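Notes for the one structure printed next.
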Amino acid sequence: MNEKPALAQGIGAPPTDGVAAHTRTMLWILLVVYIFNFLDRQIVNILAEPIKRDLGLSDTELGLLAGPAFAVFYALLGIPIARYADKDGTNRVRLIALSLAIWSAMTAVCGLAQNFVQLLLARIGVGIGEAGCTPAAHSLIADSVAPEKRSSAIAFYGLGVPVGSLLGLIIGGVVNDLYGWRAALMLVGAPGLLLALVVLFVMREPRHLRPAETAATANTAAPLSTREALREIFASRAFVYILIAASVTAFLGYGKGLWTISFFIRSHGLSTTEAGLSMAVVLGLAAALGTWLGGKLADKYGARDKRHILTFPAFGMVIVAPILFLGYYMEHWLVAMALLVVPSIVNNAYYGPAYGCVQGLVQPRARAVAASIMLFGQNLIGLGLGPFLFGVMSDALQPVAGQESVRWVLYGAAWLGLIPAFFFWRASLRLNAELKSG
-9 MNEKPALAQG IGAPPTDGVA AHTRTMLWIL LVVYIFNFLD RQIVNILAEP
41 IKRDLGLSDT ELGLLAGPAF AVFYALLGIP IARYADKDGT NRVRLIALSL
91 AIWSAMTAVC GLAQNFVQLL LARIGVGIGE AGCTPAAHSL IADSVAPEKR
141 SSAIAFYGLG VPVGSLLGLI IGGVVNDLYG WRAALMLVGA PGLLLALVVL
191 FVMREPRHLR PAETAATANT AAPLSTREAL REIFASRAFV YILIAASVTA
241 FLGYGKGLWT ISFFIRSHGL STTEAGLSMA VVLGLAAALG TWLGGKLADK
291 YGARDKRHIL TFPAFGMVIV APILFLGYYM EHWLVAMALL VVPSIVNNAY
341 YGPAYGCVQG LVQPRARAVA ASIMLFGQNL IGLGLGPFLF GVMSDALQPV
391 AGQESVRWVL YGAAWLGLIP AFFFWRASLR LNAELKSG
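For the sequence shown, position 72 matches number 62 in the numbering used here, and the numbering has no gaps at all.
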């Protein structure tokens, strides 16, 4: 009997058999793993100002810690690790558990750093660990969930981005004010080591759930070489457009994620606790809603016309650009925060549709590599350059703008959202021709 229908039940499906139940369990565990992924990655944002004061850093050094120190190694190691994950004999569950243990330990080590170089090296360790997570997770999801539910399932996993960032803001802000930034980093790093054991002993590799005849067929299929995988991936014009759009979106998102916190602290006089709690509750929940909504709308309207998988992020980003600008312009922090809600919803709606499309634009043997290339662009360009260049621009504008230099940088960032909107729209026009059925 073919188990594919069971593997493809997705979120909320009735427990028709053990495989379907395991699929739901897998999705929930992967969500928690991704929450820890972004909690450990992004907690530096809310701790940026106290770290700067304690270690005597410039905005450029702060941007380097938040961006390139993590992103360069994350991006460079992501592709070879994804090649390993795509091999049929690889146990992706063990790969994710090992990656989780490494980045959690290195996050705790960040709290022991006594100077810029030590903290830089520890952040590099976090990036090395996290490189093994998402490509393997996306590949697991694509193998376990039906294509028509893929955007929703990947968006469900993608909720780890706003939820993890939200928890990072809350935990980082509160613990920093009570016990300092070092305690905050050690506190969020330690539980990941226990979660790694849960992943290892509870989750199972879907490749091991195949019927004997399916497994035999898979094992005899010739693996793609790196050159063949890259040739197939970049032969898709839709993939190239999505890669550009997602990379620019990440550049703006990571840059704004770090410096909007500093903006509320510097320009509006909020404490780290006030800024962390406010942004977590208001913008974090808005981002989570946008991530979930983007996947749902993509699956619903994409079933009628595949072009509509990317309609919401493409046109939504155009609409919210002036709202975002006004949010940074307003003098009262509550008004400013309120105006950032809708842009936070819309600008996070791309995750499920974009990564769902990527998994459908290539054959299964290239899925982890395709996801890793997306992450390469998003992290090298987005996380690697976003916070760093925002910091460089802030330092450059200080002679003119003074303490308001961060606000001036965010003004420009608001309008740059028109760039990914254009490329998401261009990609949508190619989906009917390029998306595969399986």
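Here a beta-carbon is modelled for each residue, glycine too, at the ideal position from N, C-alpha and C. Quick caveat, the model's predicted, so the values are computed rather than measured.
query                                                                                                                                             : result
My output table needs one value for residue 193: the three-state DSSP class, helix, strand or coil.                                               : coil
Taking only three categories from DSSP, how would you classify residue 120?                                                                       : helix
Using only alpha-carbon positions, find the residue among 419, 379, 398 and 133 that is nearest to residue 57.                                    : 379
Does the beta-carbon of residue 173 have 16 or more other beta-carbons within 10 angstroms, so that it is buried, or is it exposed?               : exposed
Have a look at residue 279 and residue 33 and give me their C-alpha separation to the nearest angstrom.                                           : 21 Å
Quick check: what's the CA-CA separation for residue 47 versus residue 274?                                                                       : 27 Å
Using a threshold of 8 Å, state whether the C-beta atoms of residue 359 and residue 73 are closer than that.                                      : yes
Go ahead and pull the three-state DSSP assignment for residue 318.                                                                                : helix
Just verifying my parser: in three-state terms, what is the DSSP assignment at residue 393?                                                       : helix
Can you check which of these residues, 268, 241 and 192, is closest to residue 252 by C-alpha distance?                                           : 268
Would residue 120 be called buried (16 or more neighbouring beta carbons within 10 Å of its own) or exposed?                                      : buried
How far does the alpha helix (DSSP H) with residue 147 in it reach, from first residue to last?                                                   : 140 to 148
Pick helix, strand or coil for residue 509, following the three-state DSSP scheme.                                                                : The question about residue 509 has no answer here: the residues shown for the chain are numbered -9 through 428.
Is it buried or exposed for residue 218, if we count other Cβ within 10 angstroms and need 16 for buried?                                         : exposed
Within 8 Å, do at least three Cβ pairs link the stretch 225 to 244 to the stretch 418 to 425?                                                     : yes
Given a cut-off of 8 Å, decide if residue 341 and residue 404 are closer than it, judged by their beta-carbon atoms.                              : no
So the candidates are 400, 369, 366 and 136; which of them puts its Cα closest to the Cα of residue 382?                                          : 400
Once you ignore the five residues that flank residue 92 on each side, which residues in its own chain have a CB closer than 6 Å to its CB?        : 119
Between residue 44 and residue 178, what straight-line distance do the alpha-carbon atoms span, to the nearest angstrom?                          : 20 Å
Helix, strand or coil for residue 180? Go by DSSP, reduced to three states.                                                                       : coil
Check residue 128 in the structure and name its three-state DSSP category.                                                                        : helix
Inspect the beta-carbon positions of residue 310 and residue 336 and report whether they are closer than 8 Å.                                     : yes
Quick check: the Cα distance between residue 38 and residue 52, rounded to an integer number of angstroms?                                        : 7 Å
Can you grab the Cα-Cα spacing for the pair residue 232 / residue 168, in whole Å?                                                                : 43 Å
Leaving out five residues before and five after residue 323 in sequence, what residues of the same chain have Cβ atoms less than 7 Å from its Cβ? : 254, 258 and 260
Smallest Cα separation from residue 316: which of 306, 329 and 305?                                                                               : 329
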